[in-house]
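The next block holds one structure in the form of structure tokens; read it before the comments.
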Amino acid sequence: MATNAGEGHVPSALSILDILWVLYDRILKINPSYPKSPTRDRFILSKGHAALGLYVILAKKGFFPSSELEDFGKYDGFLGGHPDRNKVSGVEASTGSLGHGFPMSVGIALGLRIKKIDSKVFVLIGDGEANEGSVWESALLASHHNLSNLCCIIDYNHSTDRALKVGDMVSKFKSFGWESFSINGHNHEEIYSALSCSHDSAPLAVVAETVKGFGCKIMENNPEWHHKSPRKEDLPAILEQLS
Amino acid sequence: MNMRQQLVKTVESILAQDERLVLLLGDIGVFGFRKAFESFVDRVYNIGILEQSTISLAAGLSMEGFIPVVHTIAPFIVERSLEQLKIDFCYQLLGGNFISVGAAYDYAALGCTHHCPGDVGILKNLPGMEIILPGTSGEFDTLFRQVYANNNPTYFRLSERQNSTEHKVSFGRAEVVKQGELATVIAVGPILEAVIDACKELDVTILYYTTVIPFDADTLKKNAASSKVILCEPYYRGVLSSEIIRAMKSRPITLECIGIPHKMLTNYGLAAEHDAHLGLTADKIRKKIERCIYE
Chain A
6 MATNAGEGHV
16 PSALSILDIL
26 WVLYDRILKI
36 NPSYPKSPTR
46 DRFILSKGHA
56 ALGLYVILAK
66 KGFFPSSELE
76 DFGKYDGFLG
86 GHPDRNKVSG
96 VEASTGSLGH
106 GFPMSVGIAL
116 GLRIKKIDSK
126 VFVLIGDGEA
136 NEGSVWESAL
146 LASHHNLSNL
156 CCIIDYNHST
166 DRALKVGDMV
176 SKFKSFGWES
186 FSINGHNHEE
196 IYSALSCSHD
206 SAPLAVVAET
216 VKGFGCKIME
226 NNPEWHHKSP
236 RKEDLPAILE
246 QLS
Chain B
25 MNMRQQLVKT
35 VESILAQDER
45 LVLLLGDIGV
55 FGFRKAFESF
65 VDRVYNIGIL
75 EQSTISLAAG
85 LSMEGFIPVV
95 HTIAPFIVER
105 SLEQLKIDFC
115 YQLLGGNFIS
125 VGAAYDYAAL
135 GCTHHCPGDV
145 GILKNLPGME
155 IILPGTSGEF
165 DTLFRQVYAN
175 NNPTYFRLSE
185 RQNSTEHKVS
195 FGRAEVVKQG
205 ELATVIAVGP
215 ILEAVIDACK
225 ELDVTILYYT
235 TVIPFDADTL
245 KKNAASSKVI
255 LCEPYYRGVL
265 SSEIIRAMKS
275 RPITLECIGI
285 PHKMLTNYGL
295 AAEHDAHLGL
305 TADKIRKKIE
315 RCIYE
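Chains A and B, in that order, give the protein sequences. Number 159 in the working numbering belongs to position 154 of the first sequence; there are no gaps in the numbering. Number 59 in the working numbering belongs to position 35 of the second sequence; there are no gaps in the numbering.
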């Protein structure tokens, strides 16, 4: 996809792939045939630049045919570098500018509570995204309003440590009134037990320690690859590492 | 009744009728809405002083089928959270209502941080954003009821100042206040009062716009008797120039723009003092109109 399009944030997608798989395979109550069902669980990819990872999972789960993935980034295609809720079945929010999806998910969680719908809202942010002030505004809002139907997953791949260290995210979220703990974001059982645990009195922040570019040695923690598309000649080596 | 009192009255009445309405305050107007807080516990929130997240949160509510009304002071709703309005509402095609107070230099003595003469020009750049400037409290009530549930993002610019005469207004339509031959004067929202005074006994057409965007080109085309058009706006001047030129494309026009000069307003005092220094009193507006007509 990214090679054809010459676009895409591949390492960011790889760092969340395990989390997304467990979410869509075992956690989210959502039917691809009725993606707008009022009682579905909601997932918001706040770090929209990891859209590639979301598209692959949505296709795998039947929200749209996998063949559509080949049109990623095309002028009149519906799969862009950042996801568009009005184009892609299963995408709840159009994201890309960091620090928007999280507060939108707070609004969704509040809306569900007003409607007395017992669905859960999961939002995935990045540690780089946590540079944005609106992330911390949202953290305050969610705990102040006791939104226990909201779970924020922090993809902590340390991508912006070079610019601004966000430090101990578990204690930060706890100090903002959330329940919080840390997991290995590539261990499926740890992800499953974290995302299925009950938190009735407060929102839950799961800090997922991840490796940017996970599974592909030449990309892992290599900033050169942040927004670089694999060339055709790179593909055999990359695909071998990923398999 | 001033516009803020009308806002409370109108929103309270719709909260009682329409269960989709949710009010989000940026820690202002809390006392005014005290009854609404008691009556609609789960649909009225004092969100706090975090405008960016408030707009995004409102978008989340809109996704869930609610009709959010966000209310705070103009620069904080428009300029602080501009990207949230652009992405979360305009790009995502969601409906919501953004109601400001403190138009232009209404809060003159509070200084530049609390002025917002740029709001209309800024929001006009957001595709899909509707912009409404009621000239009186009653006009706000009429326009809000017409528009609040139309599934589009809409900005209502409330002002401390209002016209003494109420007009029969309708969303998206300009009103013909009077007809004449020498020029067409366009007055937007609460500047109408000064424009009517300025045009006493002048043989001009006055068109009154409370909806700025979408712009009613038809009423201008049908009623512009002269090639001279004088645009009077209560914000940075000239915002509607391109709409007027496009509407009048079949004939060459002379366009005079009266409004707030494009500069930082660093003085304090009273709004009326700003008017006087910026040439926006009725007599100064009249001089500009006369110059345009007779020179």
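Backbone N, C-alpha and C define an ideal beta-carbon position, used for all residues, glycine too.
Span separating the alpha-carbon of residue i from that of residue j
| i | j | result |
| --- | --- | --- |
| Q186 of chain B | G162 of chain B | 10 angstroms |
| D76 of chain A | F239 of chain B | 38 angstroms |
| L109 of chain B | K217 of chain A | 31 angstroms |
| V111 of chain A | S86 of chain B | 12 angstroms |
| H138 of chain B | S17 of chain A | 40 angstroms |
| I317 of chain B | A296 of chain B | 26 angstroms |
| K222 of chain A | V15 of chain A | 13 angstroms |
| P241 of chain A | H231 of chain A | 19 angstroms |
| Q116 of chain B | N175 of chain B | 11 angstroms |
| L251 of chain A | E142 of chain A | The first residue shown for chain A is 6 and the last is 248, placing residue 251 of chain A beyond what the model contains. |
| L159 of chain B | C223 of chain B | According to the sequence shown, residue 159 of chain B is Gly rather than Leu. Cα to Cα, the separation comes out at about 18 angstroms. |
| I269 of chain B | M6 of chain A | 46 angstroms |
| A198 of chain B | E190 of chain B | 14 angstroms |
| E336 of chain B | L226 of chain B | This structure cannot settle anything about residue 336 of chain B, because the visible part of chain B is limited to 25 through 319. |
| R320 of chain B | I111 of chain B | Here chain B comprises residues numbered 25 to 319, so residue 320 of chain B is not present and cannot be evaluated. |
| S63 of chain B | Y69 of chain B | 12 angstroms |
| D166 of chain A | F168 of chain B | 48 angstroms |
| G126 of chain B | Q170 of chain B | 23 angstroms |
| V193 of chain B | F90 of chain B | 26 angstroms |
CB of residue i within 8 angstroms of CB of residue j, strictly
| i | j | result |
| --- | --- | --- |
| S124 of chain B | L39 of chain B | no |
| A207 of chain A | S164 of chain A | no |
| L48 of chain B | A98 of chain B | no |
| A213 of chain A | I24 of chain A | yes |
| P43 of chain A | I159 of chain A | no |
| I210 of chain B | Y233 of chain B | yes |
| I254 of chain B | I284 of chain B | no |
| L264 of chain B | V236 of chain B | yes |
| L147 of chain B | V102 of chain B | yes |
| H250 of chain A | L103 of chain A | Past the edges of chain A, shown from 6 to 248, lies residue 250 of chain A, and the structure says nothing about it. |
| E73 of chain A | S234 of chain A | no |
| R67 of chain B | L45 of chain B | yes |
| P40 of chain A | G95 of chain A | yes |
| S153 of chain A | F107 of chain A | no |
| L304 of chain B | A218 of chain B | yes |
| N162 of chain A | D132 of chain A | yes |
| E257 of chain B | I215 of chain B | yes |
| S80 of chain B | M109 of chain A | yes |
7 angstroms CB neighbourhood of residue i in its chain, flanking five on each side removed
| i | result |
| --- | --- |
| L28 of chain A | F48, F127, L200 |
| H298 of chain B | Y129, A132, L289, N291 |
| H87 of chain A | G53, H54, A56, T100, G101 |
| W26 of chain A | I62 |
| L145 of chain A | F181 |
| F113 of chain B | A83, G120, P177 |
| V140 of chain A | G104, F107, I130, E134 |
| E97 of chain A | R47, F48, I49, R90 |
Own chain residues within Cβ distance below 6 angstroms of residue i, not counting five before or after
| i | result |
| --- | --- |
| C157 of chain A | V128, A210 |
| P141 of chain B | A128, Y259, Y260, I284 |
| G56 of chain B | V32 |
| P37 of chain A | K66, G67, F68 |
| F122 of chain B | V94, I101, Y179 |
| T34 of chain B | D165, F168 |
Same chain, Cβ closer than 8 angstroms to residue i, five either side skipped, listed in chain order
| i | result |
| --- | --- |
| G135 of chain B | T290, Y292 |
| P276 of chain B | S251 |
| N377 of chain B | What is shown of chain B runs 25 to 319, which leaves residue 377 of chain B out entirely. |
| D51 of chain B | N70, I71, G72, I73, T96 |
| E314 of chain B | L226 |
Presumed contact (8 angstroms Cβ cut-off) between residue i and residue j, rounded CB distance
| i | j | result |
| --- | --- | --- |
| D46 of chain A | K125 of chain A | 5 angstroms |
| G220 of chain A | L59 of chain A | About 17 angstroms separates the two Cβ atoms, so there is no contact after all. |
| A10 of chain A | G78 of chain A | 3 angstroms |
| N36 of chain B | A60 of chain B | First, the residue type needs correcting, since residue 36 of chain B is Glu and not Asn in the sequence shown. So it is a contact: roughly 5 angstroms between Cβ atoms. |
| Q41 of chain B | D165 of chain B | Going by Cβ atoms, the distance from Q41 of chain B to D165 of chain B rounds to 13 angstroms, so no, they are not a contact pair. |
Beta-bridge partners of residue i, as assigned by DSSP
| i | result |
| --- | --- |
| N175 of chain B | DSSP lists no partner for N175 of chain B. |
| N121 of chain B | B:V93, B:T178 |
| C140 of chain B | B:A128 |
| L59 of chain A | Answer is none; L59 of chain A lacks a bridge partner. |
| A213 of chain A | A:D160, A:I188 |
| K252 of chain B | B:T278 |
| S194 of chain B | B:R197 |
| V126 of chain A | A:R47, A:L155 |
| I284 of chain B | B:Y260 |
| I237 of chain B | B:I155 |
| N70 of chain B | B:L49 |
Residues that residue i contacts on chain C, provided the C-beta gap is smaller than 8 angstroms
| i | result |
| --- | --- |
| V111 of chain A | Among the chains of the structure shown, chain C does not appear; the protein chains present are A and B. |
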